[in-house]
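In the UniProt record's numbering, the protein residues as written are 1 to 429. Think of the CB as a built atom: it goes at the ideal place given N, C-alpha and C, for glycine as much as any other residue. No experiment lies behind these values; they were computed from the predicted model shown. For reference, the structure discussed in these notes is given below.
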């Protein structure tokens, strides 16, 4: 940034107007953002396809929802177990290189899954590769999120986060139907598409320009100490502490409910393309919500925005077990997720705005760990719940978890008083 000599404050400005600082360039004028978006979108699409395909492939091979839940839980567990270490790596190393390595390794793991299916090596080998995929995501996938703060100015973080929510909605809406369509052709073309998306992520990172190196420090700390520092920083913020607790419960309830629906449709012989409509319904809700997320996040206090979005999602799960028919279920899912994009944009941009670069990777990985720590239980709850209890009782159990999250949201004063982005610095938030 360059500086110039200050103007004489007593001198009138042209036409009697008061000089104002130049506006920031619009988000779409930042070339580095487009390269980052290409890489992050490739990773998001690859993950969406892989998340959709692997459990269904297990059902096709074994016919068991419980087996599908177990294999899916291995991948989620691998990611959760390594996410704090991934934060340490993001704070120690060049984020651009980590993004490139992440896409390359992800494509390699998917190629291994293709080999397992081609050679008919069985569920154990497929489960091991899904575990490896989760470990890769835990160690490397967070580098892309941490890099966003280096790509756009701080004032554009809420706008960028809102745009990313729209992108996520498009991926959620298009990924599963694409996966279902490709799976109808064959397992190998479907997995090949996921591998190609991961390679796009690697290429996008390679063309990204900017300085993504870690901040140099004279302190030498152990990996364990550095990981704990991120957790301590997050836990010291009462509003974020409550958000993460609520996110843990809500993510578990929502993901378990959606996974229950997917497994139910798969085990009853539903067409894969129709199964993909469940995730499409969520994508439609996210896309509609993302259209409004930008102005909502900028104009309204962040705390009430997050409370409204989380409450809508939680209460929709209470309605879900009693909705008749396939299309009614899709409608409830669509409405329930409408507030998600604004909630995510408000909370993620606030977190990134407040966190120093030296601990950003660790704090974001700590937030993911706390918010998603129970996610490995979601496919287990869905698979075993369907096997032992049936559809409606399992959905009711998911709704009960979501209602606990709603209660935690409504009782948080720290969350209720979180201001809008323009007032974050002035309020000391």
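Measure from the alpha carbon of residue 293 to the alpha carbon of each residue in 159, 206 and 384, then state which is nearest.
159
Cβ pair residue 249, residue 404 closer than 7 angstroms:
yes
Is the CB-CB distance between residue 42 and residue 82 below 7 angstroms?
no
Taking only three categories from DSSP, how would you classify residue 366?
helix
Residues of its chain near residue 379, where Cβ-Cβ distance is below 6 angstroms and the 5 sequence neighbours each way are ignored:
69, 72, 73 and 259
What did DSSP end up calling residue 376 once you bin it into helix, strand or coil?
coil
Short check: CB of residue 233 to CB of residue 60, under 7 angstroms?
no
Tell me whether residue 129 counts as near the ligand MG, meaning its Cβ is closer than 6 angstroms to at least one heavy atom of that ligand.
Inclusion of the ligand MG in the displayed structure is not the case, the ligand content being empty and no account of it being possible.
Nearest-angstrom Cα distance between residue 142 and residue 267?
33 angstroms
Output needed for residue 103: all residues of its chain with C-beta closer than 6 angstroms, excluding positions within five of it in sequence on either side, in chain order.
198, 201 and 202
Simplified DSSP state of residue 64, which is helix, strand or coil:
coil
Since residue 239 contacts residue 303 with CB under 8 angstroms, what's their CB separation in whole angstroms?
7 angstroms
Looking at the structure shown, is residue 266 part of a helix, part of a strand, or coil, going by DSSP?
helix
Beta-carbon within less than 6 angstroms of residue 194's beta-carbon, same chain only, minus the 5 sequence neighbours each way: which residues are those?
46, 49, 50 and 110
DSSP on residue 355, reduced to helix/strand/coil?
coil
Nearest residue (CA-CA) to residue 208, options 402, 40, 392 and 276
40
Looking only at its own chain, which residues have a Cβ that is under 7 angstroms from the Cβ of residue 32, when we skip the five neighbours before and after it?
151, 208, 209 and 210
Alpha carbon to alpha carbon, what distance is there between residue 53 and residue 185?
13 angstroms
Examine the Cβ distances between the region 106-126 and the region 266-281 and report whether three or more of them are shorter than 8 angstroms.
no
Beta-carbon proximity of residue 247 to residue 134, cut-off 7 angstroms
no
From 174, 89 and 206, pick the residue whose C-alpha is nearest to that of residue 36; which is it?
206
Considering Cα atoms alone, identify which of 316, 296, 306 and 89 is closest to residue 366.
89
Quick check on this structure: which residue in 310, 283 and 351 has the alpha carbon closest to the alpha carbon of residue 330?
283
Below 8 angstroms, can you find three or more Cβ-Cβ pairs linking the region 275-291 to the region 392-400?
no
Whole alpha helix (DSSP H) runs in the region 132-209 with 4 or more residues, listed along the chain?
142-151, 157-185 and 187-207
Rounded separation between residue 305 and residue 244 - CA only:
15 angstroms
My output table needs one value for residue 339: the three-state DSSP class, helix, strand or coil.
coil
Compare the beta carbon distance of residue 334 and residue 281 with 7 angstroms and say whether it is the shorter of the two.
yes
Starting from residue 311, trace the alpha helix (DSSP H) in both directions and tell me its first and last residue.
302-319
Note down, in chain order, each residue of its chain lying with its Cβ closer than 7 angstroms to the Cβ of residue 414, except the 5 sequence neighbours on either side.
238, 239 and 242
Measure the alpha-carbon distance for residue 129 versus residue 189 and round it to whole angstroms.
18 angstroms
Would you decide whether residue 100 is buried or exposed? Buried here means 16 or more other CB atoms lie within 10 Å of its CB.
buried
Between which two residues does the alpha helix (DSSP H) holding residue 281 run?
272-299
Pop quiz: residue 252 and residue 401 are said to be a contact at Cβ under 8 angstroms. What is the actual Cβ separation, rounded to whole angstroms?
6 angstroms
Can you tell me where the alpha helix (DSSP H) with residue 457 in it begins and where it stops?
The structure shown does not extend to residue 457, since the chain is modelled only from 1 to 429, so the question has no answer here.
With a threshold of 16 other CB atoms inside 10 Å of the CB of residue 224, please say whether the residue is buried or exposed.
exposed
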